[in-house]
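If you're matching positions, the sequence shown starts at 39 in the working numbering and goes up one per residue.
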Amino acid sequence: EAAATRRGLGAATLARRGRTSIASTAPVGSGYFDAWWISAGAMSVCAGNQQQNVVTRLDAKTARVTAQSRLAFGSNLFSVAADDTACWGANAQGVFAGGRWSHLPPLGPSAFVGVAAGAGAAWVTAAGRNTLFRVRRAP
39 EAAATRRGLG
49 AATLARRGRT
59 SIASTAPVGS
69 GYFDAWWISA
79 GAMSVCAGNQ
89 QQNVVTRLDA
99 KTARVTAQSR
109 LAFGSNLFSV
119 AADDTACWGA
129 NAQGVFAGGR
139 WSHLPPLGPS
149 AFVGVAAGAG
159 AAWVTAAGRN
169 TLFRVRRAP
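Right, dumping it as structure tokens:
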């Protein structure tokens with residue numbers, strides 16, 4: 039507790055406030071991690087499960103699971119991002135938001151991608167390609 043206080047965090051700040059299962063019934067595929075990636079916005083928290091290629095959306099105020107989406111294709115979810123209305127997920131083959139998706143162009147020697155959300159779009163990086171893609175949700 040003393041070390042945490044020195045960093046400006048009190049015991050109340052670090053206390054666990056509850057636990058929410060994000061387990062999925064989707065089959066386990068490749069990948070090293072189950073609950074791994076996380077992102078939060080004002081209304082939602084998004085958590086990614088790399089082994090099952092699943093994105094879970096939780097209500098930020100209640101911590102209740104509001105949706106789980108298995109990515110429609112590809113494998114090894116590498117990143118998630120939260121915006122006002124959805125959780126975005128990205129793997130080497132595409133970008134996903136709820137039941138909608140966009141294929142990514144072939145990524146070349148690296149399949150690692152990162153995603154951030156803002157202004158109704160996802161911004162996706164492709165490691166080893168020095169590239170940034172903008173993907174907008176269709177109306």
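Built from N, CA and C at the ideal position, the CB exists for glycine as well.
Inter-residue spacing [alpha-carbon to alpha-carbon] between residue i and residue j
i      : j      : result
Val118 : Trp161 : 11 Å
Ala101 : Asp121 : 16 Å
Val133 : Gly166 : 18 Å
Asn168 : Val151 : 11 Å
Ile60  : Val83  : 11 Å
Thr123 : Thr58  : 20 Å
Pro143 : Ala98  : 33 Å
Heavy atom of the ligand COA within 7 Å of residue i beta-carbon
i      : result
Gly156 : Within the structure as shown, the ligand COA is missing, as the structure has no ligands at all.
Buried versus exposed call for residue i [16 or more other C-beta atoms within 10 Å across all chains shown]
i      : result
Leu170 : exposed
Gly112 : buried
Asn114 : buried
Thr8   : Since the displayed the chain opens at 39 and closes at 177, residue 8 lies outside it and no answer follows.
Phe71  : exposed
Which of helix, strand or coil DSSP assigns to residue i
i      : result
Gly79  : coil
Asn87  : strand
Ala40  : Since pLDDT at Ala40 reaches only 46, below the 50 mark, its modelled position is unreliable, and the value read off the structure follows with that caveat. Of the three classes helix, strand and coil, the one that applies to Ala40 here is helix, per DSSP.
Phe111 : coil
Pro138 : Note on residue identity: the sequence assigns Arg, not Pro, to residue 138. Three-state DSSP puts Arg138 in a strand.
Val66  : coil
Asp122 : coil
Asp72  : coil
Arg175 : coil
Legend entry - Stretch pair the region 74-82 + the region 108-127: three plus CB contacts closer than 8 Å: yes
Legend entry - the region 56-68 / the region 77-89 touching (three or more Cβ pairs under 8 Å): yes
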